[in-house]
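Visitor: Structure incoming, see below.
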Amino acid sequence: MSAKVKVVKRKGDTLPEKLYLVEVLKGMKTSFGHFWRNLRDNSRLYVRHYPEQQPEITPRWRGRHRLTTHEDGSIKCVACFMCQTNCPSRCIMIEAGERLDDRDEKLPVRFDIDLLECIYCGYCVEACPKDAIRMDTGIFSLVEHNREKMLVGLDELAATPGAFTEDDYQKRGL
Amino acid sequence: MSNVDILLVILRVSFGAFVPLCFIAVLVWMERRGAGFFQDRSGPNRANIFGFRAAGLVQNLADAAKLIFKEDVVPGHIKHKFYFIFAPAIVFFTAVASFAVVPFADTLVIGDKSYVMQAIPTDVGILWFLALAGFAVYGIILAGWASTNKYGMLGGLRAAAQVISYEIPMGLALVSLLAVYGTVNLSEMAQFQGQLLFGFIPMWGVILQPLGLIIFVVAAFAEANRTPFDLAEGESELVAGFHVEYSAMKFAVFFMGEYVAMFTSSAIIVTLFFGGYQIPWLNTETLVVYAKPVAVVLMLLLPVLMYYFAGWIRKSNVSHYDRPNDPRRREAAVYIKILWGVVAIMELILLAILLSPSGGVATRIFVAELQIATFLLKTTLMCFVYVWVRWTLPRFRYDQLQKLGWQTLLPLSLLNIFITGAVVVAVS
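Protein chains in written order, with our numbering: chain A, 188 to 361; chain B, 182 to 609.
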């Protein structure tokens, strides 16, 4: 049985198309139409006036990380090293210490993320068994004057609130 | 030499030297804002001095400051540092110098002396342009070779091959043009185009030589290394081509040279094909006779144009998002006041022309100023065509470029010479 063959007609064989100059003028007419419309009325440009108008961030967006806490303010992280082991860019550095609040055995005494190394893949969030690390802060623009400031520590990670409600965050991607 | 002689020499040379340099800023601005509007975005519009953005022109100052203070790297592998530094200078110098022969107004007659309005009043004319435009590519080849970099080398070689291919159709298109005008002197060519064909059509090169115009414009685009013929710096395959190793001010000189070359070739196209400084139907003698009616028409026209321009500024120069006490509106108000001031000064000058005795020196100078304005307007429009083409057409492939040059433009220009020759012989 022969395969189904669909013959597609090749375009560009007519004389005006081969002359090229006619098509050039047609193209120039189109681009000039855009130019003229925008010159007369620049309110309809397809741009966001960025620093003043911030883009809308969805709950699925992977922004800067944060560490979540229990209702009483104690940190959810149990220093299991899952995220650090899973991290492809090795930007997470955890130091574990003894936990005394009866929730678990360990807690991090140091939790540093080098944001210059991080590739924002989100594997740490997926690896976390305790839902202790999330990337839902909505922070997407990170600028500092030196490298040291790009190393965020435990306090800053725990202090940053999430940008979305718990409900919206749970529904992300569903 | 009298004082007037010296003054006019200074004026003409400074026009020839500084107008191309001033147009760099205008053209870079036109390219970037134009590109924005062609692609439905806004282009650079944030850089400002005390809130004044001058429609994005201030961005040029920011870029210039950045390029001047950047580290000027000469990579360690470069053996011939002299040639490496010399190459951008060649490109820039030839581009500026080739503008020197373009007439920007008709020969100015003051008393019993006449002054050719070119920076270099020479009869060489178009040959000077051809020589220097051909020489500009040496800078590109030298840059590519001195970079000791395979991308740079390939870019330089491509530029060389391209210029050789397109110099020929360009020269041949000029041959037929010279047969029509009967001179190589650009001033005489522009004067020739002040005549009328059949008594009512301006005898511009575009009417007499339409095919020549197409060939010349295509070749001029290739000579100026502009899209669709900018293979020498094709990003997709050569990174940046001949200027891949250049940084800071050395790169900026290449960049400025490119824009000066664009301005110069626009000026040459305007002079050869669009009547140069000639205002259609009003050649120099007619203008001198009718200077006062023209001044009256201008006096009436200027405020009307300014009124609509002010309305456009007021509409365009606003923030397109919620912003309390929008500073851009205040900015627009200041611009409009300044522009109305300029219009008022121009009206006063026109009034002075009206009150001065007709046919005198003042009238002659007024006519020269009108012609300079016309020339600059035409050249700016031609530069806009360069920008327009750049943001419309994709780049040619290398074999397509050579095929177009040798198999299409060369036979066409030869055909044009035969037809023109037959017509010129038949008419004379």
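Cβ atoms here follow ideal geometry from the backbone N, Cα and C, with glycine treated the same way.
Assess, as a yes-or-no matter, whether the region 343-352 of chain A is touched by the region 388-407 of chain B under the definition of 3 or more beta carbon pairs within less than 8 Å.
Guide: No, because fewer than three Cβ pairs between the region 388-407 of chain B and the region 343-352 of chain A fall closer than 8 Å, the two stretches do not touch.
Visitor: Since B/Val-272 contacts B/Gly-438 with CB under 8 Å, what's their CB separation in whole angstroms?
Guide: In the second sequence, counting from the first residue as 1, residue 272 of chain B sits at position 91. In the second sequence, counting from the first residue as 1, residue 438 of chain B sits at position 257. Correct: roughly 4 Å between the Cβ atoms.
Visitor: Under 8 Å, Cβ to Cβ, is there at least one residue of chain A near B/His-501?
Guide: Against the second sequence, residue 501 of chain B aligns to sequence position 320. Yes, because at least one Cβ of chain A sits closer than 8 Å to the Cβ of B/His-501.
Visitor: Starting from B/Arg-222, find everything on chain A with Cβ-Cβ shorter than 8 Å and list it in chain order.
Guide: Counted from its first residue, the second sequence places residue 222 of chain B at position 41. Going along chain A in sequence order, the residues near B/Arg-222 (Cβ under 8 Å) are Leu-232, Tyr-233 and Val-234.
Visitor: Taking C-beta pairs closer than 8 Å, name the residues in chain B that A/Ser-218 reaches, listed in chain order.
Guide: Residue mapping note: residue 218 of chain A aligns to position 31 of the first sequence, counting from 1. The contacting residues are Phe-219, Trp-569, Trp-572 and Thr-573.
Visitor: If the cut is a Cβ gap below 7 Å, which residues of chain A does B/Ser-346 touch?
Guide: For the purposes of this step, residue 346 of chain B is taken as the residue at position 165 of the second sequence. What B/Ser-346 touches in chain A: nothing, since even the nearest Cβ is about 17 Å away.
Visitor: Helix or strand or just coil, what does DSSP make of A/Glu-285?
Guide: As a working note, residue 285 of chain A is residue 98 in the first sequence. DSSP places A/Glu-285 in strand when its eight states are reduced to three.
Visitor: What ranges does the alpha helix (DSSP H) occupy inside the region 367-404 of chain B, keeping only unbroken runs of at least 4 residues that lie completely in it?
Guide: 367-373, 386-389 and 391-404, all fully within the region 367-404 of chain B.
Visitor: Taking only three categories from DSSP, how would you classify B/Ile-259?
Guide: Within the second sequence, the letter at position 78 stands for residue 259 of chain B. Of the three classes helix, strand and coil, the one that applies to B/Ile-259 here is coil, per DSSP.
Visitor: Given this structure, state the Cα-to-Cα distance separating A/Ala-283 from A/Asp-318, to the nearest angstrom.
Guide: Walking along the first sequence from the start, residue 283 of chain A turns up at place 96. Walking along the first sequence from the start, residue 318 of chain A turns up at place 131. The alpha-carbon atoms of A/Ala-283 and A/Asp-318 are separated by roughly 17 Å.
Visitor: Which of the residues in the region 430-463 of chain B, read from start to end, lie with their CB under 9 Å from any CB of chain A?
Guide: If the cut-off is 9 Å between Cβ atoms, the region 430-463 of chain B has nothing near chain A.
Visitor: What residue does the alpha helix (DSSP H) around B/Ile-553 start on, and which one ends it?
Guide: Your numbering for residue 553 of chain B matches position 372 in the second sequence. Where B/Ile-553 is concerned, the enclosing alpha helix (DSSP H) stretches over 542-571.
Visitor: Comparing C-alpha positions only, which one of B/Asn-330, B/Gly-197 and B/Glu-348 sits nearest to B/Gln-583?
Guide: As a working note, residue 583 of chain B is residue 402 in the second sequence. The shortest Cα separation from B/Gln-583 among B/Asn-330, B/Gly-197 and B/Glu-348 belongs to B/Glu-348.
Visitor: Which residue comes first and which comes last in the beta strand (DSSP E) that contains B/Lys-294?
Guide: Within the second sequence, residue 294 of chain B is the residue found at index 113, counting from 1. That run of the beta strand (DSSP E) goes 294-296.
Visitor: Taking the alpha-carbon positions, what's the A/Ile-326 to A/Tyr-310 distance?
Guide: Here residue 326 of chain A corresponds to residue number 139 of the first sequence, with the count starting at 1. Here residue 310 of chain A corresponds to residue number 123 of the first sequence, with the count starting at 1. So the two alpha carbons sit approximately 18 Å from each other.
Visitor: Tell me the DSSP secondary structure of B/Pro-575 in three-state form.
Guide: As a first step, residue 575 of chain B must be located in the second sequence, where it is residue number 394. Coil at B/Pro-575, not helix or strand.
Visitor: Please tell me whether A/Val-211 has its Cβ less than 8 Å away from any Cβ of chain B.
Guide: Within the first sequence, numbered from 1, the residue matching residue 211 of chain A stands at position 24. Interface residue, yes.
Visitor: Name the chain A residues whose beta carbon is nearer than 8 Å to that of B/Gly-215?
Guide: Within the second sequence, residue 215 of chain B is the residue found at index 34, counting from 1. Phe-222, listed in chain order.
Visitor: Rounded to whole angstroms, what's the CA-CA distance from B/Met-430 to B/Leu-202? Just pull it up for me.
Guide: Along the second sequence, read from residue 1 onward, the residue named residue 430 of chain B stands at position 249. Along the second sequence, read from residue 1 onward, the residue named residue 202 of chain B stands at position 21. Distance between the alpha carbons of B/Met-430 and B/Leu-202: 15 Å.
Visitor: First and last residue of the beta strand (DSSP E) that includes A/Arg-297?
Guide: The sequence position of residue 297 of chain A within the first sequence is 110, counting from 1. 293-301 is the extent of the beta strand (DSSP E) around A/Arg-297.
Visitor: What in chain B is Cβ-close to A/Gln-240, meaning under 7 Å?
Guide: Residue mapping note: residue 240 of chain A aligns to position 53 of the first sequence, counting from 1. Under the 7 Å cutoff, chain B gives Tyr-502.
Visitor: Measuring only the C-alpha atoms, how far is B/Ile-187 from B/Met-298?
Guide: Residue 187 of chain B sits at position 6 when you count from the first residue of the second sequence. Residue 298 of chain B sits at position 117 when you count from the first residue of the second sequence. Approximately 14 Å between the Cα atoms of the pair.
Visitor: May I ask which residues mark the beginning and end of the beta strand (DSSP E) holding B/Ala-499?
Guide: Stepping through the second sequence from its first residue, residue 499 of chain B is reached at position 318. It is worth fixing the name first, because residue 499 of chain B is Val in this sequence and not Ala. No beta strand (DSSP E) holds B/Val-499; DSSP gives it neither H nor E.
Visitor: What are the boundary residues of the alpha helix (DSSP H) that B/Val-434 is part of?
Guide: Counting from 1 along the second sequence, the entry for residue 434 of chain B is found at position 253. Residues 429-454.
Visitor: Hey, quick one: how far does the beta strand (DSSP E) through B/Leu-289 stretch, first residue to last?
Guide: Residue 289 of chain B sits at position 108 when you count from the first residue of the second sequence. Taken as a continuous stretch (DSSP letters only), the beta strand (DSSP E) holding B/Leu-289 covers 289-291.
Visitor: Could you check how far apart the C-beta atoms of B/Phe-556 and B/Val-451 are, in whole angstroms? I think they sit under 8 Å.
Guide: Position 375 of the second sequence, counted from the start, is the residue given in the question as residue 556 of chain B. Position 270 of the second sequence, counted from the start, is the residue given in the question as residue 451 of chain B. That pair is a contact at about 7 Å.
Visitor: What residue range does the alpha helix (DSSP H) around B/Phe-199 cover?
Guide: Along the second sequence, one-based indexing puts residue 199 of chain B at 18. 184-219 is the span of the alpha helix (DSSP H), which, as asked, contains B/Phe-199.
Visitor: Just to check my reading of the structure: B/Gly-215 and B/Ser-223 have Cβ atoms closer than 8 Å, yes? What is that Cβ distance to the nearest angstrom?
Guide: Along the second sequence, read from residue 1 onward, the residue named residue 215 of chain B stands at position 34. Along the second sequence, read from residue 1 onward, the residue named residue 223 of chain B stands at position 42. That pair is no contact at about 11 Å.
Visitor: Quick one: is B/Ser-417 near chain A, going by C-beta distance under 8 Å?
Guide: Here the question's residue 417 of chain B lines up with position 236 in the second sequence. It does not; no Cβ of chain A falls within 8 Å.
Visitor: Who does A/Leu-254 pair with in a DSSP beta bridge?
Guide: On the first sequence, residue 254 of chain A is found 67 positions in, with the first residue counted as 1. Partner(s): A/Ile-320.
Visitor: Give me the chain A residues within the contact set of B/Ser-594, using Cβ-Cβ distance strictly less than 9 Å, ordered along the chain.
Guide: Start at 1 with the first residue of the second sequence, and residue 594 of chain B comes out as number 413. Under the 9 Å cutoff, chain A gives no residues; its nearest Cβ is about 15 Å from B/Ser-594.
Visitor: Using the three-state DSSP reduction, which class does B/Leu-593 fall into: helix, strand or coil?
Guide: Taking the second sequence and counting its residues from 1, the one referred to as residue 593 of chain B is at position 412. In the structure shown, B/Leu-593 sits in a helix (DSSP, three-state: H, G or I).
Visitor: Give me the DSSP bridge partner(s) of B/Phe-233.
Guide: Your numbering for residue 233 of chain B matches position 52 in the second sequence. In DSSP, B/Phe-233 forms a bridge with B/Ile-230.
Visitor: Please specify which runs of the alpha helix (DSSP H), each continuous and at least 4 residues long, are wholly inside the region 219-284 of chain A, giving them in chain order.
Guide: Listed in chain order, they are 269-273.
Visitor: Just to confirm, are B/Phe-199 and B/Ala-300 a CB contact at a threshold of 8 Å?
Guide: Numbered from its first residue, the second sequence carries residue 199 of chain B at position 18. Numbered from its first residue, the second sequence carries residue 300 of chain B at position 119. No, the pair does not count as a contact, with Cβ atoms beyond the cut-off.
Visitor: Exposed or buried, which one is B/Val-568 when buried takes at least 16 other CB atoms within 10 Å?
Guide: One-based indexing of the second sequence puts residue 568 of chain B at position 387. Flag for B/Val-568 reads buried.
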